[in-house]
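Worksheet: the structure to be examined is printed underneath.
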Amino acid sequence: MQTVFFYVFAALTVLCALMVVANPFSRNPVTSAMFLVLTIVSLAGLFVQLHAFFLAAVQVLVYAGAVMVLFLFVIMLLDLKEEERRKVRKFAVIAGGLAVAIIAVLFCTAIGQTTAGIGVQPILEGGTAALGELLFKHYLLPFEILSVLLLVAMVGVILLSKKDLK
Amino acid sequence: MMNWFNNLSPTSQFVLFSALKVVPAVLVMLFIVAYIVLVERRLCAFIQDRVGPNRAGPLGLLQPMADAVKAFLKEDFMPAHVRPVYYWLAPALVMIPSLLTLAVIPFGSQLGSQKMVVADLNVGILYTFGIVSLGVYGIVLAGYAANSKYPFMGGIRASAQMISYEVAMGLSVIPLFLLVGDLNLSTVIGDQTHGLFSWLVFRQPLAFAIFLCAAFAETNRTPFDLPEAEQELAGGYNVEYSSMKFALFFMGEYANMIAASAMMVTLFFGGWTLPFFGLDQPAATVLGGLVHIGIFLAKLLVLLVLFIWVRWMWPRFRYDQLMNLGWKGLVPLALANIVVTATWLWLKS
Amino acid sequence: MNAFSYLDLLNLLGPETILVLTSLAALFVDLGALRDQPLPRRWLAGGGVTALGGLLAILWLTNVTAQANLAHGILVVDPLTQLVKVVLVAMLLFTVALSLRAEFTEHVGEYFCLLLLATVGMMFLVSSEDVLTIFVALELTSLSLYILTAFNKRSLVSAEAGLKYFLFGGVAAAFTLFGLSLIYGLAGSTNLREIATNLAGKGTDPLLMVALIMVVMGFGFKIAAVPFHLWAPDAYQGAPTPAAALIASGSKVASFFVFAKVMALGFAGIEGNGAWRQFAPGWVPVLATLAVASMLLGNLAAIAQSSVKRLLAYSAIAHAGYMLLGLLAMSNPHRRADGMAALVYYITTYGLTTIGAFGVVQIVERTGGDSLENFAGFSRRAPLVAVCLMVFMLSLAGIPPLAGFFGKFYLFTAAAGAEPGNLGLLWLVIFAIAMSAVSLYYYLQVLKRAFVAAPAEAAIAPVVSFMERLTLALLALAVVVLGALPAWLLGPIADAIKAAGF
């Protein structure tokens, strides 16, 4: 049962992610964004299977609920039109296809031949208390670095998007 | 009968019980949706010194049926310029999240051995916020699908407004969980069973005020009903809809109100408990269980009436006022509340 | 999960904390107090605040001796990391000194804020042996640098460069993260040394190799090694010149240092063999390939450039190839200290030289542009700056007795001695020497324009501020002195490496 759910969600994730970038039916940016939402939600499903309930809830709350709404917001405000289909050059298709095929073969053989990893016992059972303990004690430093990173992002966005008055 | 039941595997039993809880809960919710509309219309008429709908049945009690029949019989007209897929999707997306939210709300103590909550998640509140945050898609997509000016502006307004107030809403409840120490909603209720003043509304009045404001904004109710401001947007995101699809938007708004009220009852007003007559302990008998459900529904109704009352008493905010209130008023207040509560708890420990 | 006291943490992170606070101060001073002041004054004030913070950080770094390894390598502070951090902050200070007369933006506070935060990212990058922190710090550095690249909002080239840098960086970061998560799955740890221990029995597992290459991709992007170099010429050319100087110096120092740590510590045991005809899979042959490709493409492409900034970019790619030799020298655990010493010496002197070169380019740009023609007769228009340019270019080419020569010398001997007895990497060293001979051509091209060619009729003498003169003279002096007396830098480096127990 677990494995079935895993494959369902994993397939859903990959499929939706593919539809974000290469949707054969529509070149509409809003559709892409909606498929990204689906991707995020199916990822949350995978998290649930790992018993990372907190992560799953936050994934939906932050990415699907807030970030993607802002994406939609921007797409609508900019009034992006449907993208035109580009003319595909034969050479590009062959080269791209070859590269993808090689990487796919490489990956499949690598995964096929590899022995199982060390494996890690899950430290967390989805509990917020344990997670908070880890975040604010063991991983305090990366956590704080991330907050500086967000500051950089904020300064950068305001700087790059604001119109210079002069 | 019992034999047959006991032979089922635990999984099947779980599925069966869940279904037995889900179906009545949804039915009750839809019933409340239907009648809260009537209540709203009668109440607003009363406030405006009118009579209101009183023709269909005694006291107008059959009015919801009449409305439903009307919605079904109207032509389901689809304008030529809309984007079909989203046009169909949007009404459903408005309705679904509010129904899903109910899953983690404990709407009673227990009937027999069954806890009266569909899913007793240990991250209950986060689940609720996650689902509530998805509610905005319905409105945004409705605005986008309509492919015309006013609905579009309604959709844009809705997304900006709901995201802004979601922040305030999420921040406002953090002090509660600092006090309770758990995200599970049953635990939150259990923490409010030490007398009337253990209700979190009395321990965290500021949090409640912020949450209430945010809830008005999240449900697009007056004074924050800018996405559907009739005078400016000719009705907002649902202008291009008619018939049953319009009815879904209409019901969605009330379902959202119910979901928000249910959350407030659980978080701030002790859920299904009353601090008198030992009603704050899980019920031992079936009758006691039913009384608990009744208490929950009564509290819910009081809050719903509050929603309606505010709508007919208050004027609408201007858009910049709305944003100012959210970002410069509620969010800093909520943050300050978190810091103060945390410091207080730290000093106390 | 061992806990540590927050006070300890603050004590160990003193310099970083100072720089973060300085960045906020720069922002507040500029936006709060100086908004209506004339632009030069704002540049001066912002630069002053930043320099003050940088100097404080250096003081702290040189006077507070600390050695600690917190929470399984999430924060590693030892004399070696402190030394590299001093180098990083020094490079920041030089960059700031060169920006004081800049005219490309009015957002002075944000500019200094981002410079500082980029440096903070690099410092965190240096002092970590945990892949999680390394990745986060890498992102902090990269994000700040993307924004700095696109900082000139009046120029389309700058915006394009920023976008290119960002897109390449995003993809590279995704690959790194994928690789790191595969490694976490295989090794069950995020600590570099534990990864090496846990991977010891795995040998050359195919999935591990895939993960290894993915990790190399991310770092290869940061150090601009071929074939992950595509962003570099555009970014160097499009970015405001001082920002380009920081990308070419500080970012490179930090990335190479952490790259070396990841490879030598995290993948110890799966080096493989890159010796001629003794090929064995592992990270040595991968890096050797990158080194050869970088040296070849960097040096050959640089010859064809007419923009000096692009020329410097391709030269940076070639130098990344040389520096990879230092990493290869570290593949032998017994010779690791030698390789590290050579690498740190090289990146330090290279960084100083590049900042100087960009400083000169910035001055030339004021007379019209950065193409080779603009350098014509430069020695007659600004003799002192031209002499500095000569020092920098010759050092980059590796002419004795300048620092660049000794850097290459130590690097090449370390690489050749990595496998005592069979001189395994000698082929690579010979190739590198041949390629540095090629590089002499394009460096001399620049010098020929500056010293031999007659100035154009309409050529004007560039305005050079006192601060720029001072900075360039200091940098040139450092390049000469460190070349003449390499022990002045090598001694402390060797001591630090010994003390760090690397």
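Protein chains in written order, with our numbering: chain A, 45 to 210; chain B, 3 to 351; chain C, 966 to 1467. Think of the CB as a built atom: it goes at the ideal place given N, C-alpha and C, for glycine as much as any other residue.
- At a C-beta separation below 8 Å, alanine 162 of chain B has these neighbours in chain A: Phe117.
- Annotation: alanine 1245 of chain C is outside any beta strand (DSSP E) and is labelled neither H nor E by DSSP.
- In the structure shown, alanine 1033 of chain C adopts extended strand secondary structure according to DSSP, grouped into three states.
- Where valine 1042 of chain C is concerned, the enclosing beta strand (DSSP E) starts and stops at 1040-1042.
- For valine 96 of chain B, the enclosing alpha helix (DSSP H) begins and ends at 86-103.
- A check of alpha carbon separations from phenylalanine 1416 of chain C across C:Ala1347, C:Leu1105, C:Pro1198, C:Leu1097 identifies C:Ala1347 as the nearest.
- Of the residues assessed, lysine 207 of chain A falls on the exposed side of the cut-off, its CB having fewer than 16 other CB atoms within 10 angstroms.
- With the rule of 3 Cβ pairs closer than 8 Å, the stretch 1019-1036 of chain C does not count as touching the stretch 1196-1205 of chain C.
- Proline 186 of chain A has a beta carbon lying within less than 8 Å of a beta carbon in chain C.
- By the rule that beta-carbons nearer than 8 Å mark a contact, phenylalanine 151 of chain A touches chain C.
- For glutamate 1159 of chain C, the uninterrupted alpha helix (DSSP H) run begins and ends at 1157-1164, by DSSP.
- Identification of residues in the stretch 78-112 of chain A having a C-beta nearer than 9 Å to some C-beta of chain B yields Met78, Val81, Val85, Ala88, Phe97, Phe98, Ala100, Ala101, Val102, Gln103, Val104, Leu105, Val106, Ala108, Gly109, Ala110, Met112, given in sequence order.
- When DSSP states are grouped into helix, strand and coil, serine 1272 of chain C belongs to the strand group.
- One thing to note: leucine 1057 of chain C has its Cβ within 8 Å of the Cβ of threonine 1084 of chain C.
- The three-state reading of DSSP puts leucine 10 of chain B in coil, since its state is none of H, G, I, E or B.
- By the Cβ rule, the stretch 139-157 of chain A counts as touching the stretch 1164-1172 of chain C, because three or more pairs are nearer than 8 Å.
- Taking each of C:Ala1256, C:Leu1053, C:Leu1157 in turn and checking the Cα distance to glycine 1291 of chain C, the smallest one comes out for C:Ala1256.
- Within 7 Å of the CB of alanine 1036 of chain C, the CB atoms of chain A belong to His182, in sequence order along the chain.
- Within chain B, the C-beta atoms nearer than 7 Å to that of threonine 172 of chain A come from Val125, Leu185, in chain order.
- Interface flag for valine 74 of chain A against chain B is set, since a Cβ pair is found closer than 8 Å.
- Think of a sphere of 9 Å around the beta carbon of cysteine 1078 of chain C: the chain A residues whose beta carbon falls inside it are Leu195, Val196, Val199, in chain order.
- Comparing alpha carbon positions, the residue from B:Lys247, B:Pro317, B:Arg205 closest to tyrosine 89 of chain B is B:Lys247.
- C-alpha of glycine 1334 of chain C to C-alpha of valine 1273 of chain C: approximately 9 Å in a straight line.
- When C-alpha distances from valine 1352 of chain C are compared across C:Ala1253, C:Tyr1406, C:Glu1338, C:Val1325, the shortest belongs to C:Val1325.
- Cα atoms of isoleucine 1462 of chain C and isoleucine 983 of chain C: separation of roughly 25 Å, rounded to the nearest angstrom.
- For isoleucine 202 of chain A, the uninterrupted alpha helix (DSSP H) segment begins and ends at 184-205.
- Around the Cβ of proline 1044 of chain C, a 10 Å sphere holds 16 or more other Cβ atoms; the residue is buried.
- The contact set of methionine 120 of chain A on chain B, defined by CB atoms closer than 9 Å, consists of Val142, Gly145, Tyr146, Phe154, Gly157, Ile158, Ser161 in chain order.
- With a cut-off of 8 Å on Cβ pairs, the stretch 1306-1325 of chain C is in contact with the stretch 1357-1369 of chain C, counting three or more such pairs.
- Of the other Cβ atoms in all chains shown, fewer than 16 fall within 10 Å of the Cβ of alanine 1419 of chain C; this residue is therefore exposed.
- One thing to note: valine 39 of chain B has its Cβ no nearer than 8 Å to the Cβ of proline 60 of chain B.
- Residues of chain A with a Cβ closer than 7 Å to the Cβ of glycine 132 of chain B are, in chain order, Ala101, Val104, Leu105, Gly109.
- In the DSSP assignment, threonine 158 of chain A falls outside any alpha helix (DSSP H) and carries neither an H nor an E.
- Interface flag for valine 1136 of chain C against chain A is unset, since no Cβ pair is found closer than 8 Å.
- Interface criterion not met: the Cβ of leucine 179 of chain A is under 8 Å from no Cβ in chain B.
- The stretch 1070-1081 of chain C makes contact with the stretch 1109-1118 of chain C, as at least three CB pairs between them are under 8 Å.
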